[in-house]
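What follows is a set of notes on a single structure, which appears directly below.
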Amino acid sequence: MDHTQLSAFQCCPERYRLRYVEQLSKIKEEVYEAPKKFGEAVHIALAEHYWGHTPEEVSQVFLTAYPNVLDPNDLARTPVNGLFLLAKYRDYYALQDTQWKILGIEIVDKVGIAPGIEWEVKLDLIVETQGGIWGVDHKTTSKPFNEQYWRQYEPNSQLSGYTYYLQQKYGQCSGMIINGIQVGYRKRAYKGEDAGFHWSFQRQIFNRTPRQLEDWKERTLLSLARLEATKQS
447 MDHTQLSAFQ CCPERYRLRY VEQLSKIKEE VYEAPKKFGE AVHIALAEHY WGHTPEEVSQ
507 VFLTAYPNVL DPNDLARTPV NGLFLLAKYR DYYALQDTQW KILGIEIVDK VGIAPGIEWE
567 VKLDLIVETQ GGIWGVDHKT TSKPFNEQYW RQYEPNSQLS GYTYYLQQKY GQCSGMIING
627 IQVGYRKRAY KGEDAGFHWS FQRQIFNRTP RQLEDWKERT LLSLARLEAT KQS
């Protein structure tokens, strides 16, 4: 079990049944999925970047994952803008990322949360810096980086699961870093900002107390019990 599956059940048990029990999947991408597909392509490209591959290789990986415009009305999420975004990202974090010792990229692993129950995590990055172990989760969005945006990660069960895994794996976790990547498009200049494609990068750190992690485990186990009872009934 992982965060994505459990969230699907909590949102809509029928969605969970169709996706994870019947194992149905879409055969056609819809226009509204452009933000999701664009974000996935950025994730894949950033993995290549942190593996140390060349900018050309990173660009090719992105274009393979996102070759065409899915939504003609979405002027921000185009293949060309994606390549531009990745180049700006490399420049923006060139110095800061030299302080990161990469311990893992696109990690898929499991951790026990109760006898016979394993929780699967899918971490974008695990790094060591300033003497601590940190998890890094890439997030692409069109929302501005304000207090309302960052509030969604406090509390957040996904980050709690990551933190618990890192503590069990490495004996400590200094925090989770949300690597925020914001994109948008202005049809006209606004408050001194030029028209056209725009972007913003921001990183925020989130921590969990031992009590918060225990609460996360308790709530997760209760949700898993409800899921199993729903399957049986």
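Numbering (this note's numbering), first residue to last: 447 to 679. C-beta atoms are modelled at their ideal positions from N, C-alpha and C, and glycine is treated no differently. For clarity, every value in this text was computed on a predicted model and none was experimentally measured.
Which same chain residues, not among the five before or five after residue i, have their C-beta less than 7 Å away from its C-beta?
i: Trp497; result: Ile551
i: Glu486; result: Ala511
i: Trp546; result: Val573, Thr575
i: Lys483; result: Glu475, Tyr512, Leu516
i: Asn616; result: Note that residue 616 is Tyr in the sequence shown here, rather than Asn. Once the five neighbours on either side are set aside, the close Cβ partners of Tyr616 are Ile579.
i: Phe455; result: Tyr462, Leu673
Out of the options, point me to the one whose CA is closest to residue i's CA.
i: Ile624; options: Tyr610, Thr586, Gly617; result: Thr586
i: Gln648; options: Val582, Glu502, Pro656; result: Val582
i: Gly528; options: Val629, Leu569, Asp661, Gln658; result: Val629
i: Lys534; options: Ala560, Gly558, Pro501; result: Pro501
i: Asn519; options: Leu668, Glu639, Gln469, Tyr631; result: Tyr631
i: Trp596; options: Gly626, Arg465, Leu549; result: Gly626
i: Ala491; options: Glu566, His584, Cys619; result: His584
Got a sec, what are the start and stop residues for the alpha helix (DSSP H) residue i sits in?
i: Ile473; result: From DSSP, Ile473 is part of no alpha helix (DSSP H); its letter is neither H nor E.
i: Leu531; result: 525-538
i: Gln456; result: 449-457
i: Val488; result: 480-496
With a threshold of 8 Å between beta-carbons, can residue i be considered close to chain D, or not?
i: Asp555; result: Among the protein chains of the structure shown there is no chain D, as only one such chain exists.
Can you tell me which of the three DSSP states residue i falls into?
i: Val515; result: coil
i: Leu541; result: coil
i: Leu549; result: strand
Please go through the region 621-664 and give each complete beta strand (DSSP E) segment of 3 or more residues, from N-terminal end onward.
List check, beta strand (DSSP E) in window: 621-632, 642-652.
Which runs of the alpha helix (DSSP H) fall wholly inside the region 558-611 and span at least 4 residues, in chain order?
593-597
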